[in-house]
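One structure below.
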Amino acid sequence: MAGGVFDDKSNGARAHLYEYKITSYFIISCIVAAIGGSLFGYDLGVSGGVTSMDDFLKIFFPKVYRRKQEHLKETDYCKYDNQILTLFTSSLYFAALISTFGASYVTRNKGRKASILCGAVSFFLGAVLNAAAKNIAMLIIGRCFLGIGIGFSNQAVPLYLSEMAPAKVRGAVNQLFQLSTCLGVLIANFVNYATDKIHPWGWRLSLGIATVPAILMFVGGLFLPETPNSLVEQGKLEKARQVLEKVRGTPKVDAEYADLIDASNAARAIKHPFRNLLSKKNRPQLVIGAIAIPAFQQLTGMNSILFYSPVIFQSLGFGSSAALYSSAITGGALVVAALISMALVDKFGRRAFFLEAGAEMIIIMVAVAITLALKFGQGVVLPKGIGIFLVIIICIFVLAYGRSWGPLGWLVPSELFPLETRSAGQSVVVCVNMIFTALIAQCFLVSLCHLKYGVFLVFAGFIFVMSCFIYLLLPETKQVPIEEIYLLWEKHWFWRRYCSPEMNGIELKNGEKV
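Following this note's numbering from start to finish, the sequence shown increments by one per residue and tops out at 977.
Right, here's the structure in full:
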């Protein structure tokens with residue numbers, strides 16, 4: 464479907480005229496910006512490990528600690544069922560979803576770089592508060608600061624990477640965010656494995672190390688260039704042209720610069736970008752990019768595994784250290800999957816990864832449910848062979864998610880929105896993502912307690928529904944310039960009824976929208 468866009472050289476398409484080289488300036492800028500993903504990843508990895516550490520539980524959740532000791536070597540679905548304990552994890556995501564609307568204003572009016580810096584400062588403050596926590600209130604306040612940092616960074620970084628990248632490598636470049644997230648998860652797992660042996664303050668070290676990616680992100684962010692798209696949006700046209708030439712490694716950027724100017728002119732006409740998201744012509748971006756994909760990303764069940772992998776493995780009867788080690792293996796699988804996706808997503812496309820991995824994930828979730836239904840029960844010691852089997856298939860699930868819904872859940876929404884609604888749209892993306900992340904974090908352990916193995920069948924059903932959604936409603940976006948994505952909707956079998964110029968009463972003059 465993308466090919467049809469390039470064949471149509473009327474109707475405003477200039478993609479065939481774009482020129483670029485991969486420059487060191489471009490590479491360094493994207494790597495520095497992508498550090499923002501490590502904030503999200505480190506927290507995903509560290510929170511589940513800390514909540515399984517005895518020293519942490521003794522101070523803040525003594526009832527959970529006593530229940531854990533009573534079932535130390537036994538399987539027990541309800542071992543960690545405590546709403547205050549899960550609030551420790553989910554409070555971050557409630558804070559993130561609220562903060563993303565403030566991040567939208569900063570990102571649109573002050574630039575992507577400003578949001579990245581704000582996110583780094585807030586995350587640093589949260590990490591310090593958590594490491595020094597004396598009571599649950601201090602923990603929750605620290606988590607809220609972490610959430611504000613993640614709200615800003617997750618709002619700005621995917622946009623930054625998509626806008627800086629040439630169309631033909633945008634998928635791989637944007638997935639630096641996911642790779643950084645995965646590396647954050649992996650590092651957090653190894654940190655937890657090491658600090659679990661440091662008594663009684665190892666958990667403080669795990670939480671305090673979160674200051675490291677925040678410092679790196681802030682210091683690196685000071686030297687980042689603003690994206691050409693954002694500079695044009697702010698009216699800094701000469702500076703935008705200079706940055707575009709430097710990033711693309713060539714002065715021959717007339718076609719791409721003209722697309723940026725056109726997009727900016729359309730953006731200036733929009734005084735209320737959030738209201739504009741609800742307009743008929745933006746229906747596909749709202750439904751697919753802002754609501755469905757970020758919600759579906761969480762409904763795969765993957766973040767439940769990342770949040771609580773040490774807890775899950777302990778509930779399955781693994782010892783404390785073995786559980787942390789097993790979760791480190793899954794973190795490694797996530798990094799490998801991100802590298803696979805980076806290498807191949809611009810070759811095979813977004814839809815192929817969504818659909819192939821979706822089928823794989825459904826099979827694995829059903830296999831986990833069947834295994835637990837047959838071999839898992841309260842007060843039963845889990846056979847070693849079954850435990851190893853569960854670790855292996857969970858790693859296969861992580862590999863499938865890590866090359867599909869993980870990276871593409873951020874990549875695809877970031878490339879769907881036109882400039883006039885891009886920052887507002889990304890805010891809704893982050894908000895919806897964080898709502899469902901918080902809900903899953905808050906509900907997973909209690910669901911595991913009451914639904915038992917059935918919770919994995921629920922996730923399998925969600926994955927089936929979302930795979931059908933992708934097959935029917937998402938056009939292929941690989942190698943389509945970000946300012947020409949709107950042409951895909953005008954050609955799509957379903958969305959053209961909302962987006963075609965005739966349906967919206969838009970007249971065309973000299974091949975450009977007026």
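Don't be surprised by glycine CBs; every beta carbon is placed ideally from N, CA and C.
Since this is a predicted model, take the numbers as computed values, not measurements.
For Met601, the uninterrupted alpha helix (DSSP H) run begins and ends at 599-627, by DSSP.
Going by DSSP, Gly712 is part of no alpha helix (DSSP H) at all; its letter is neither H nor E. Counting only runs that start and end inside the segment 897-955, the alpha helix (DSSP H) elements of at least 4 residues fall at 917-936, 949-954. Just so you know, the alpha carbons of Ile833 and Ile856 end up roughly 12 Å apart. The segment 618-630 makes contact with the segment 476-489; the number of CB pairs closer than 8 Å reaches 3 or more. Gly865 and Leu707 have their C-alpha atoms roughly 31 Å apart. Between the alpha carbons of Val918 and Asp717 lies a gap of roughly 54 Å.
Note that the C-beta distance between Phe759 and Trp873 is not below 8 Å. Between Ser501 and Ser643, the C-beta gap is smaller than 8 Å, which places the two residues in contact. With a 10 Å radius around the Cβ and a threshold of 16 neighbouring Cβ atoms, Lys531 comes out buried.
In this structure, the beta-carbon distance from Glu953 to Arg959 falls below 8 Å. Remark: C-beta atoms of Thr674 and Gln761 do not approach each other more closely than 8 Å. Under the DSSP assignment, Asp517 falls in the alpha helix (DSSP H) whose first and last residues are 517-523. Of the other Cβ atoms in all chains shown, 16 or more fall within 10 Å of the Cβ of Cys607; this residue is therefore buried. In chain order, Thr514, Phe524, Val527 place their CB closer than 7 Å to the CB of Leu548, counting only its own chain and leaving out the 5 sequence neighbours on each side.
Looking from the CA of Asn896, the closest CA among Pro747, Cys645, Phe817, Phe503 belongs to Phe503. In this structure, the alpha-carbon of Ala566 lies about 7 Å from that of Gln618.
In terms of Cα proximity to Ser890, the closest of Gly752, Gly683, Leu670, Lys734 is Gly752.
Going by DSSP, Phe686 is part of no alpha helix (DSSP H) at all; its letter is neither H nor E. Judged by DSSP in its simplified three-state form, Ala732 adopts coil rather than helix or strand.
Inclusion of Ala703 and Leu723 in the CB contact set at 8 Å is warranted, their separation being smaller than that value. Here the alpha carbon of Ser727 sits roughly 13 Å from the alpha carbon of Phe880. Cβ-Cβ distances below 6 Å link Ala559 to Gly610, Ile613, Gly614, Met897 in the same chain, with the five nearest sequence neighbours on each side left out; the list follows chain order. In the three-state scheme derived from DSSP, where H, G and I count as helix and E and B as strand, Thr763 is classed as coil. Of Lys576, Val495, Ile498, Gly511, the smallest CA-CA separation from Phe907 is found for Gly511.
Under the three-pair Cβ rule at 8 Å, the segment 928-942 counts as touching the segment 804-815.
Per DSSP, Leu749 lies in no alpha helix (DSSP H) segment and is marked neither H nor E. Counting only the Cα atoms, Val798 lies some 15 Å from Leu807. For Trp958, the secondary structure class from DSSP, reduced to helix, strand or coil, is coil. In the three-state reduction of the DSSP assignment, Phe681 falls in the helix class, which pools H, G and I. Between the C-alpha atoms of Val710 and Phe489 there is a straight-line separation of about 5 Å. When only Cα atoms are considered, Ser930 and Leu871 end up about 13 Å apart. Taking a C-beta distance under 8 Å as the contact criterion, Ala923 and Val854 do not qualify as a contact pair. With respect to Ile945, Glu626 sits close: the two C-beta atoms are nearer than 8 Å. Only residues of its own chain outside the window of five on either side were considered, and among them Ala635, Gln638 have a CB closer than 6 Å to the CB of Met805, listed in chain order.
Taken through DSSP and simplified to helix, strand or coil, Trp868 comes out as helix.
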